[in-house]
Amino acid sequence: MQSPLLLPVLSLLLIACGAAPPAAPIDPSAQKAGPRAAVHPPGCRGSQSSAAPPVAADAARARAMAAARAPDHWGKGYRALQPPPGFRVVPVSRGAAAPADDEEVETDITPADLVAKFEYQHEGGEWFSVVVQVFDHPAARPEGQSLFRHAVISFDANGEDVTDEMEDDSFKNWFDRVAELRDEKGRRIVEWAYVEKGCERAELYERFIEDGEHLWHVSMEVMPTAPEEDLLRWMVLLFDAPLAGPAPADRRGLASGNGTTR
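Numbering (the working numbering), first residue to last: 22 to 283.
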């Protein structure tokens with residue numbers, strides 16, 4: 022006799038394995054986007070750490086889905102979001118920090134839409150850190166514009182380079198992975214990932230969920246030495262579980278694909 026507790030997990034796994042809708046063909050005459058600009062200044066790279074050992078993505082996702090459905094705060098929306106085990110809450114301060122005595126030291130201003138920030142530091146073995154930020158933006162409203170295009174223009178470093186003549190697919194090559202989804206309630210979802218090159222190399226994973234008047238935006242910056250299995254679990258707990266949303270069929274860390282190495 023099958024346990025009733027397994028039914029929600031199996032249901033979510035079936036949703037997670039669904040393929041994203043095929044991309045629209047590109048108009049050959051349309052202007053194409055150039056290569057993506059580096060987020061950090063070029064000219065130096067972090068130490069070339071070894072990639073995490075390969076893991077079975079489906080098995081890691083199944084364990085993460087089970088964890089996301091445990092009897093705690095998961096699955097109750099971003100307003101009830103709690104940090105995953107091992108993460109600490111970083112206090113969100115409204116307004117600018119006090120100016121430093123040294124004029125060359127910059128002070129950060131907390132974005133008005135930031136609602137939560139979490140941080141994880143792994144001390145044992147090879148050290149690495151993870152920074153998670155959750156934003157609540159006003160929902161996208163432009164008529165006839167995809168959520169992906171809106172997110173690129175509004176929240177990506179290259180957004181100012183997008184012109185009306187560019188097709189969406191022409192600037193997907195700015196990213197190492199892009200997925201466009203809809204959940205069972207019809208909400209639009211975009212998830213992308215890319216490597217931030219420069220002196221401090223990192224992998225950036227972002228997810229956007231249009232939910233009524235809200236555009237939830239979850240950003241996770243991970244050092245390349247973070248284990249793949251942990252990375253998949255964090256994405257389920259932070260990206261999928263709060264609104265019970267689907268996962269892209271090809272979700273993975275940036276350990277392979279597009280010539281990218283971690």
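Glycine included, every Cβ here is placed at the ideal spot set by N, Cα and C.
- In the three-state reduction of the DSSP assignment, M256 falls in the helix class, which pools H, G and I.
- Within the same chain, V211, F229 come within 6 Å of A172 by CB-CB distance, once the 5 residues on both sides are set aside.
- Around the beta carbon of E186, fewer than 16 other beta carbons lie within 10 angstroms, which makes this residue exposed.
- Judged by pairs of C-beta atoms under 8 Å, the stretch 163 to 180 does not touch the stretch 245 to 254, as fewer than three such pairs exist.
- Counting C-beta pairs with one atom in each stretch, the stretch 252 to 271 and the stretch 188 to 197 have fewer than three that are closer than 8 Å, which means they do not touch.
- Spanning the alpha carbons of G145 and P263 requires a straight line of approximately 29 Å.
- Its chain contains S167, F169, R170 as the residues whose beta carbon lies nearer than 7 Å to that of D189, once the 5 sequence neighbours on both sides are disregarded; these appear in chain order.
- Residue pairing of R209 in beta bridges, as defined by DSSP: R203.
- Contact between A137 and E231 is ruled out by a C-beta separation of about 19 Å, above the 8 Å threshold.
- Taking A270 as reference, the option from P112, V239, W237, R203 with the minimal CA-CA separation is R203.
- Boundaries cannot be given for S114, as no alpha helix (DSSP H) includes it and DSSP labels it neither H nor E.
- Close CB contacts of E140 within its chain, under the 6 Å cut and outside five residues either way in sequence, are with R109, V111, V152 (chain order).
- When rounded, the separation of the alpha-carbon atoms in Q154 and A101 is 15 Å.
- Taking the C-beta atoms as reference points, E201 is found no nearer than 8 Å to A223.
- Apart from sequence neighbours up to five positions away, the residues of its chain that approach F149 with a beta-carbon distance below 7 Å are H143, M244, T246, A247, ordered along the chain.
- DSSP places R228 inside the beta strand (DSSP E), whose first and last residues are 223 to 232.
- Per DSSP, the unbroken beta strand (DSSP E) holding L135 starts and ends at 135 to 143.
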